[in-house]
Amino acid sequence: MSLVRSITWLVISWTGWAVVAAVLVASGDPGTPIAFVAFSALWVSAVLLALVSSSACRDHAKQWPSSLKQRVYSPVAQKPTGTTQYSHNLGNTVITLVITTAVLPALCWHSWYPERNRHVIILERDTVAYFPSFTLFQRADWTSQAILGVSATPKCFLGWHDETAADCSIARDGLIFPCNCAGNWADSIRDFEWQNTSYRALTFTSSENTVSLSPTFRMIAQAFFTYDSSKSLADSSVILSPSLFIAVHDPTPSLEEALKNGYTRMVLINANGVTAINLGLDYREARGRTPAYDYQLTISPIPSNTLECDVSAPGGASGSCFLSLFLQFPSFERQVSRQDIAMKWQDAASLAGSWFALFQLAGWIASGSAWHT
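Here the sequence shown stands for residues 62 to 434, numbered as in the numbering used here.
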């Protein structure tokens with residue numbers, strides 16, 4: 062086989078090795094390191110065998126290091142002194158490709174593959190200005206809780222409580238505040254099942270109209286309920302203050318999806334009074350899931366000193382009780398949390414290119430091309 066043909070087939074076979082190696086690394090399959098090393102060892106063995114057994118080396122079969130040199134630095138001319146001049150450029154090619162094939166699998170095994178399968182959390186910063194959705198829950202088997210109702214229409218205001226304020230969908234165009242956002246409450250209470258427990262749920266769904274103008278800008282939401290202290294006493298042996306669960310959540314995923322993926326959770330609050338909630342912003346992007354806010358809550362309860370909605374009181378309830386929620390963002394700065402892998406395949410390809418440049422330098426020096434023309 063001629064020198065040109067042998068080097069041509071060497072380069073073509075190495076290119077095939079590089080393509081297969083790239084596919085293996087990009088796939089991220091658990092068997093990638095083993096397959097990569099095995100395939101590379103097979104290629105190197107085949108190349109060395111071909112060099113040693115080639116027709117130009119048969120006379121040196123017993124001295125195979127000399128045979129390899131004879132094949133790699135194939136003679137191209139005879140100097141007047143009688144010594145042989147070898148092709149240093151072709152030697153550079155062979156050395157570079159062999160080193161690359163031998164070293165890259167080791168790097169993949171010990172560094173790149175573990176990084177390709179290591180999950181990390183990447184943190185970023187951004188700003189937002191929209192209030193979240195939230196849902197009030199009454200546990201069906203807990204009679205000490207407040208009894209949600211919609212006979213009295215739930216209320217909502219942006220800025221401050223003002224019964225005469227315009228609807229927020231109209232006021233938003235001119236940024237007129239306070240405004241009324243009661244239309245964002247659900248019309249009815251629905252049954253909700255979570256973790257084998259039944260609840261009655263009343264949801265407030267945010268929209269582009271529920272905008273926060275600045276940090277500490279307030280949303281005030283009110284929901285009404287009744288209470289039966291006699292049931293609380295019979296079931297719990299004490300008369301507890303009415304309570305409800307609340308879950309503050311991003312409106313992008315459904316409530317069920319937000320709970321399932323850990324973007325929100327139920328928190329028990331005192332229903333009879335005012336509850337101030339500071340909202341911390343954490344935007345999470347979990348792999349394979351819909352990105353959404355995970356609001357961090359700082360809750361400050363202000364309980365009421367009266368209970369006018371106790372249906373078991375002498376003379377019955379004197380009125381409806383209500384829960385007032387004061388929601389605000391102390392800061393618009395949000396933390397964006399993205400779950401990702403430590404090394405993407407593009408990063409692995411970039412590192413492989415850097416190492417290949419180093420191998421070229423080694424081959425350039427080892428072949429003698431560095432000081433020959």
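The beta carbon of each residue, even a glycine, is placed where N, CA and C say it ideally should be.
Of the residues assessed, A282 falls on the buried side of the cut-off, its CB having 16 or more other CB atoms within 10 angstroms. The beta-bridge partner set that DSSP reports for D371 consists of Y288. Restricting attention to V211, S194 and A347, the CA atom closest to the CA of D248 is found in V211.
Under the three-state reduction of DSSP, S230 is assigned to helix. Check the Cα spacing between L342 and each of D252, T325, I363 and T336: the tightest is with T325. Rounded to the nearest angstrom, the Cβ distance from R261 to Q199 is 4 Å, consistent with a contact under 8 Å. A straight-line Cα-Cα distance of about 5 Å links Q400 and A347. Beyond the five residues adjoining it in sequence on each side, R186 comes within less than 8 Å, by CB distance, of E394, R395, Q396 and V397 in the same chain, given in chain order. In the DSSP assignment, E318 falls outside any beta strand (DSSP E) and within the unbroken alpha helix (DSSP H) covering L316 to K321.
For the 7 Å CB-CB criterion, S304 and V335 do not form a contact.
Looking only at V72, S415, L340 and H310, the smallest Cα-Cα distance to S194 is reached by H310. Annotation: the continuous beta strand (DSSP E) that includes D343 extends over G334 to E346. Listed as beta-bridge partners of I330 by DSSP are L305.
Taking the Cβ atoms as the reference, F286 lies roughly 5 Å from L209, within the contact range of under 8 Å. For D355, there is no enclosing beta strand (DSSP E), since its DSSP letter is neither H nor E.
Measuring C-alpha to C-alpha distances from N257 to each of S275, A201, S302 and I330 identifies A201 as the nearest. Close CB contacts of L358 within its chain, under the 8 Å cut and outside five residues either way in sequence, are with V309, V328, I338, N339, L340 and G341 (chain order).
For L274, DSSP assigns no beta-bridge partner whatsoever. Straight-line measurement puts the Cα of I330 at about 15 Å from the Cα of T204. DSSP places D252 within a strand segment (E or B) once states are collapsed to three. Counted as a single uninterrupted DSSP element, the stretch harbouring G376 is not any beta strand (DSSP E), since DSSP gives it neither H nor E. In this structure, DSSP gives G220 a state outside helix and strand, which the three-state scheme calls coil.
Leaving aside the five residues that flank M280 on each side, the residues in its chain whose CB is nearer than 8 Å to its CB run, in chain order, F192, C217, F218, L219, C242, T271, S273, L386, F387, L388 and Q389.
Non-local beta-carbon contacts of P352 in its own chain, meaning distances under 6 Å to residues more than five positions away in sequence, involve E346 in chain order. Per DSSP, C382 is one residue of the beta strand (DSSP E) stretching across C382 to Q389.
For R200, the enclosing beta strand (DSSP E) has its first and last residue at S194 to R200.
The beta-carbon separation of L165 and A82, rounded to 7 Å, stays under the 8 Å limit for a contact.
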